[in-house]
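Reading through the structure tokens given below for one structure.
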Amino acid sequence: MSTDTTSQTCTITVDGVPVVVPAGALLIEALKMQGIDIPNFCYYQNLPAQASCRMCLVRIEKMPRLQPSCTTIVKDGMAVEVNTPEITDMRRGMLEFMLADHPLDCPVCDRGGECELQDNVFKFGHVDARFTEDKHPIPDVDISPFIYNDAQRCVFCYRCVRVCDVWMDVGALAKLNRGSHETIGTFDGWLDCEHCGNCVDVCPTGTLMHTSYKYGPRPWNLDETETTCSYCADGCRVRLGSRGNVVHRSVARQGTGINEEYLCVKGRYGFDYINSGERVTQPLIRKHGELRPATWDDALEHVAKRLGDIAKAKGADAVAVLGSTRITNEANVAIAIVADALDTTQLSYKPDFDLATFMKSVAGRLATKADIASADTIFVIGGDPKEDQPLTAHQLLQPVLKGRSALYVASSRLARIRKRASQFVHLRPGGEAVLLLGLAGGSSDVSAKSAGCAPSDVEALRKALEASRRLVVMVGSECHGAALEAAAALGSLLGDGERHVTYRPLVEDNNSVGAYDTLGQGVAYSEVIGALGDLITASTPSEPT
Amino acid sequence: MADPVKVVSKRFGIPDSHTLDVYLQHDGYVALEKAVKSMQPAEVIDEVKKSALRGRGGAGFPTGMKWGFVPKDSPKPKYIVCNADESEPGTFKDRAVMEFDPHSLIEGCLIAAYALGSHTCYIYIRGEYGWVQDIMDVAIREAYAKGYCGKNILGTDFSCDVYTHPGAGAYICGEETALLNSLEGKRGHPRIKPPFPAVEGLYGCPTVVNNVETLATVPWIIQHGGDTFRQLGTEKSGGTRLVSVCGHVNKPGVYEIPLGYPMKDLLEKECGGIRNGNKLKAVIPGGSSVPIITAEEAYRVKLDFESIGEVGSMLGSGGVIVMDETADVFESTFRLVHFYKHESCGWCTPCRDGGDWMEQIFDRISIGGGRSEDLDLITSLGRNIEGKSHCALGDALVWPITSAMKKFPEDFQRALDRGKKLLREPAAV
Ligand SMILES: Cc1cc2nc3c(=O)[nH]c(=O)nc-3n(C[C@H](O)[C@H](O)[C@H](O)COP(=O)(O)O)c2cc1C
Ligand code: SF4
Ligand code: SF4
Ligand code: SF4
Ligand code: SF4
Ligand code: FES
Chain F
18 MSTDTTSQTC TITVDGVPVV VPAGALLIEA LKMQGIDIPN FCYYQNLPAQ
68 ASCRMCLVRI EKMPRLQPSC TTIVKDGMAV EVNTPEITDM RRGMLEFMLA
118 DHPLDCPVCD RGGECELQDN VFKFGHVDAR FTEDKHPIPD VDISPFIYND
168 AQRCVFCYRC VRVCDVWMDV GALAKLNRGS HETIGTFDGW LDCEHCGNCV
218 DVCPTGTLMH TSYKYGPRPW NLDETETTCS YCADGCRVRL GSRGNVVHRS
268 VARQGTGINE EYLCVKGRYG FDYINSGERV TQPLIRKHGE LRPATWDDAL
318 EHVAKRLGDI AKAKGADAVA VLGSTRITNE ANVAIAIVAD ALDTTQLSYK
368 PDFDLATFMK SVAGRLATKA DIASADTIFV IGGDPKEDQP LTAHQLLQPV
418 LKGRSALYVA SSRLARIRKR ASQFVHLRPG GEAVLLLGLA GGSSDVSAKS
468 AGCAPSDVEA LRKALEASRR LVVMVGSECH GAALEAAAAL GSLLGDGERH
518 VTYRPLVEDN NSVGAYDTLG QGVAYSEVIG ALGDLITAST PSEPT
Chain G
293 MADPVKVVSK RFGIPDSHTL DVYLQHDGYV ALEKAVKSMQ PAEVIDEVKK
343 SALRGRGGAG FPTGMKWGFV PKDSPKPKYI VCNADESEPG TFKDRAVMEF
393 DPHSLIEGCL IAAYALGSHT CYIYIRGEYG WVQDIMDVAI REAYAKGYCG
443 KNILGTDFSC DVYTHPGAGA YICGEETALL NSLEGKRGHP RIKPPFPAVE
493 GLYGCPTVVN NVETLATVPW IIQHGGDTFR QLGTEKSGGT RLVSVCGHVN
543 KPGVYEIPLG YPMKDLLEKE CGGIRNGNKL KAVIPGGSSV PIITAEEAYR
593 VKLDFESIGE VGSMLGSGGV IVMDETADVF ESTFRLVHFY KHESCGWCTP
643 CRDGGDWMEQ IFDRISIGGG RSEDLDLITS LGRNIEGKSH CALGDALVWP
693 ITSAMKKFPE DFQRALDRGK KLLREPAAV
């Protein structure tokens, strides 16, 4: 066994075969890189080690007991046995224990087909069932409108508990009771949480499940479409499971998007509108006061004629064309082309965030995921990331929870992440600008008075921000005008000191930035709406003449 | 043999031995004064190493070596945690120490704290020992009042606080890392080791966890020297220790014996023999978690770590459970299976699910539902639990079963046959 001179790698032997693996890797990961899958339940990437399911045990030379590969760090010269009768028996034994009190109701379990317990039993389990004692049946219960808990199917990997604690920082799930009476449950029996459904997604069994997918189509009968969540600007990758024209679920397991496996409640459960009978799914033309289905050709012809009539009668600018922060860049560009064809200057969209002012003032580049992960200080002003950009909130909380960065929040909203903030300044609504003035070196007395906080708050915050070296400023939609300008330039307003400052506008809509990029140069929305205001209120539903 | 020297129990039986005044009349706090005024911390650790003192909580780990694992240069605070959770069936010696000699434990904690550079000791007391905690609390108050605890102990610049903390009734919280979780206010699950408590223990700081008796032995070692203590026992098992004897003997109780003392003498001299002149059947020599031994083995074994190992058992926590010929080892084992199943913390698969299954099998056999294949099944399940669980409770569930099946097969066979008997009886009516 040679020590690699670079010490980036080391050599271990697996069942007698030497293999080179990254130094410092977890054994289970190192083996996976060699194409050796070690069965596991409690191990999950990015979650704290657990070592409770005992599925991943391996024999390591010189160790008296079998060792969990999910907590063992590889060492040069380590000799590991993973495929011996001892290990095979052990795996069978663990699975047999897990199945002992399991209801074995796979035919009606919605996890069936993508259940890790099923898969592992199929690969490593016993053939004959030796358990002939009584099971302890537990009825399944709804623990929220979105999630139900079929506790008897649980294998106690605690992924759900850790996901809720660590990814979400919510802590709504817990182990209840002890020993064989243990169940995963909630405080008070009801789930008081954000309903992100991540606990359901990581559950290897059919224990925590989506109510909306209960007795839904079997997973293998779903068509899965990778797409992007259409709610907020974070743009999580989701996989929509549909059958026919009905969407049944939205998941991110084994996700490849920037969100990895994270989704918030909107991306997870906010899809029922797609299936709504009230949706307009085909062109309709109003005739005699009643909307009637029409062909696309008829509809387009109708619209073109009406717009042409209006332009002829009242001038091209009597027609305004509106894009949106909720549609793709391509759609917005197409809308701009229509406006061009109609010869109108009245092209606009309704912004959810004053990006024009922000972009004009911003004193550095926009913060990336990497900037957030490596910041020593994160300052949120006038917003609540958990509401505005939940994935961003999740990303910024990770280094904060690990103690690697400090969070500061100043907002008139009781932003939920404030409980992790080193300092939270509760502002009077509209107090953002004066606070920023104080942070920029203005009188803290004056600043505090109008911002609705104490002078010491302003001073402490200023000191913390000035001490930062890698600062991310998150600017919420409560910042307008002067506040927005100051927030977007905070880096250049703070006192002396070398620091790397990046900015994140907490825009709310999924394509605010795209709409600004494609349509931002157009006429201000308020002007368009102002000019058209009387027209809109005066007009009655049109009847073809 | 001359009357054995008493170390931990030397003040037992003296009227008001739990008070500071009486303690001071009998060498009380002499060792603490010697340590803090005339010894370097490293010298204290060396003395304990020399004594060959091994932990009295169950695992028998050399105490001096454990103390040596605590990193000297860590900038973090260090903690001394006394394990007074004593919940192992058959074990009740720590309770005697705390009831009759609480100051010896306080003194032991303080000497350990001095040796390891700690300023805080926690004594984690079994929840059911409410009155014992009261005794400890009174003793601690007395010690504070006289300057043995708190700031500038005995006028030196060594300061140390001592607190008690009650458990909530879980056996698993005697496992040192589950204890630390519980002390931190978390659920009592054992932690992943490594890191060991000596490096990352209470609140992530270096921590020594020692049993009550272990710590209460330290003052004597410091006062009389490690070598003197070691010579009281055998070469490898130094000193004396407490054993708590219960079951079918005439005089059950807590006795101090030198290590290497014959079990036969303990049963016959100290404990006055087996009750009603009955014959001895079996002994569990070190608390319920260790393998059971037969009468024949008990009569030839000596109470030291090595000799007990030769008959396939352990000294464990010093709880000696004695059973005479009237006992049914299947039934006594069933009791223990029920205990371990009930006390499984539920963290890991083999102990949580295997324990429950095991109990159900014993339950079925006990009511006459035994099957010929049950013994093989029990053995096989035991193999899947032993050595695979997250903490030693899983092993503690299996050892009593496998040893009892091996050493008392006739009791298990009789239990298996109960059903046959039940079936025959109605026919005879
Ligand atoms: C399930 C379980 C229960 C235990 N209960 C106790 C106990 O009640 N008291 C005790 O001192 N040690 C107990 N131990 C042993 C402790 O983990 C630890 O080894 C001991 O406190 C160390 O002290 P010592 O070195 O002084 O013996 C228990 C261990 C296990 C696995
Ligand atoms: S839905 Fe999300 S917040 Fe709610 S319990 Fe599950 S992980 Fe926690
Ligand atoms: S509910 Fe699912 S994720 Fe949670 S412990 Fe049980 S099996 Fe694991
Ligand atoms: S964080 Fe944003 S993009 Fe991601 S799921 Fe939630 S709403 Fe959708
Ligand atoms: S062996 Fe038993 S007590 Fe120990 S961690 Fe596992 S379940 Fe808990
Ligand atoms: S995956 Fe390692 S113990 Fe569960």
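Residue numbers (our numbering), protein chains in the order written: chain F, 18 to 562; chain G, 293 to 721. C-beta: ideal position from N, C-alpha, C; glycine also.
Among the options, nearest to residue i - alpha-carbon criterion
| i | options | result |
| --- | --- | --- |
| ILE549/G | PRO511/G, TYR436/G, VAL500/G and CYS563/G | CYS563/G |
| THR509/G | LEU324/G, LYS699/G, VAL621/G and GLY400/G | GLY400/G |
| PHE654/G | ARG644/G, LEU667/G and ASP645/G | LEU667/G |
| ASP338/G | GLY517/G, PRO554/G and PHE384/G | GLY517/G |
| VAL282/F | VAL217/F, ARG260/F and GLY332/F | VAL217/F |
| ILE417/G | LEU551/G, ASN502/G, LEU572/G and PRO554/G | ASN502/G |
| ILE104/F | GLY94/F, MET95/F and LEU83/F | LEU83/F |
| ALA519/F | ASP513/F, SER509/F and ASN528/F | The sequence given here places Thr at residue 519/F; Ala does not occur at that position. For the residues ASP513/F, SER509/F and ASN528/F, the minimum Cα distance to THR519/F belongs to SER509/F. |
| ILE77/F | GLY252/F, ALA66/F, ILE90/F and THR273/F | ILE90/F |
| HIS682/G | THR625/G, PHE622/G, CYS640/G and ASN375/G | CYS640/G |
| ALA387/F | ASN276/F, SER494/F and GLU307/F | ASN276/F |
| PHE700/G | LEU471/G, ALA587/G, GLY647/G and TYR455/G | ALA587/G |
| VAL546/G | ASP616/G, ASP386/G and HIS411/G | ASP386/G |
Coil, strand or helix - residue i by DSSP
| i | result |
| --- | --- |
| VAL322/G | helix |
| PRO124/F | helix |
| GLU548/G | strand |
| LYS713/G | helix |
| LEU64/F | coil |
| VAL336/F | coil |
| SER86/F | coil |
| CYS70/F | coil |
| THR20/F | Unreliable placement is indicated for THR20/F, whose pLDDT of 47 sits below 50; the coordinate value is still reported in the next sentence. THR20/F falls in the coil class under three-state DSSP. |
| THR245/F | strand |
| HIS119/F | coil |
| TYR573/F | With chain F covering 18 to 562 only, the question about residue 573/F has no answer from this structure. |
| TYR421/G | coil |
| CYS27/F | strand |
| PRO35/F | strand |
| GLU98/F | strand |
| GLN652/G | helix |
| GLY601/G | helix |
| ARG430/F | coil |
Output, in sequence order along the chain, the residues in the segment 125-141 of chain F whose CB is closer than 8 angstroms to any CB in chain G.
Answer in chain order: no residues at all.
Got a sec: which bits of the segment 190-216 of chain F sit with their beta carbon under 8 angstroms from any beta carbon on chain G, in order along the chain?
LYS192, ASN194, ARG195, GLY196, SER197, HIS198 and GLU199
Within 7 angstroms of chain G by C-beta, residues of the segment 69-102 of chain F in sequence order:
SER69, CYS70, ARG71, LEU74, ARG82, LEU83 and THR88
For the segment 494-519 of chain F, enumerate the residues whose C-beta is nearer than 9 angstroms to any C-beta of chain G, in chain order.
Cβ contacts with chain G come from no residue of the segment 494-519 of chain F.
When you get a sec, list the residues whose CB is within less than 6 angstroms of any heavy atom of ligand 5, chain order please.
ILE464/G, PRO482/G, SER636/G, CYS637/G, GLY638/G, TRP639/G, CYS640/G, CYS643/G, ARG644/G, SER681/G, HIS682/G, CYS683/G, LEU685/G and GLY686/G
Length-filtered (4 minimum) alpha helix (DSSP H) runs lying within the segment 484-557 of chain G
504-516 and 518-524
Beta strand (DSSP E) segments (min. 3 residues) lying fully within the segment 365-416 of chain G
371-376
Between the segment 416-430 of chain G and chain F, which residues of the former have CB atoms less than 7 angstroms from a CB of the latter, in chain order?
none
Mind checking the segment 34-68 of chain F against chain G and listing, in chain order, the residues whose C-beta falls within less than 7 angstroms of any C-beta there?
ALA66 and ALA68
Taking a Cβ distance cut-off of 8 angstroms, strictly less, list which residues of the segment 678-706 of chain G are near chain F, in chain order.
Within the segment 678-706 of chain G, GLY679, LYS680, SER681 and HIS682 place their CB atoms closer than 8 angstroms to a CB of chain F, listed in sequence order.
Contacting positions in the segment 625-640 of chain G - beta carbon closer than 8 angstroms to chain F
LYS633, HIS634, GLU635, SER636, CYS637, GLY638, TRP639 and CYS640
List in chain order: all unbroken alpha helix (DSSP H) runs of 4+ residues lying wholly within the segment 476-555 of chain F.
498-505, 507-510, 529-536 and 542-555
Chain-ordered residues of the segment 640-654 of chain G with a beta carbon less than 9 angstroms from chain F
Cβ contacts with chain F: CYS640, THR641, PRO642, CYS643, ARG644, ASP645, GLY646, GLY647, ASP648, TRP649, GLU651, GLN652 and ILE653.
Residues of the segment 468-497 of chain G with Cβ closer than 7 angstroms to any Cβ of chain F, in chain order:
Taking 7 angstroms as the Cβ-Cβ cut-off, the segment 468-497 of chain G approaches chain F at ARG479 and ILE484, given in chain order.
Can you list, in chain order, the residues of the segment 108-121 of chain F whose Cβ is nearer than 7 angstroms to any Cβ on chain G?
GLY110, MET111, PHE114, MET115, ALA117 and ASP118
List in chain order: all unbroken beta strand (DSSP E) runs of 3+ residues lying wholly within the segment 187-234 of chain F.
Within the segment 187-234 of chain F, complete beta strand (DSSP E) segments of at least 3 residues are found at 190-193, 200-203 and 225-227, given in chain order.
What residues sit near ligand 4, counting only those whose C-beta is closer than 6 angstroms to one of its heavy atoms, in chain order?
Environment of ligand 4, chain-ordered: CYS246/F, TYR248/F, CYS249/F, ASP251/F, GLY252/F, CYS253/F, ASN276/F, LEU280/F, CYS281/F, LYS283/F, GLY284/F, PRO407/F and LEU408/F, taking every residue with Cβ within less than 6 angstroms of a heavy atom.
By the 9 angstroms beta-carbon criterion, what residues does the segment 374-408 of chain F contribute toward chain G?
So nothing in the stretch comes that close.
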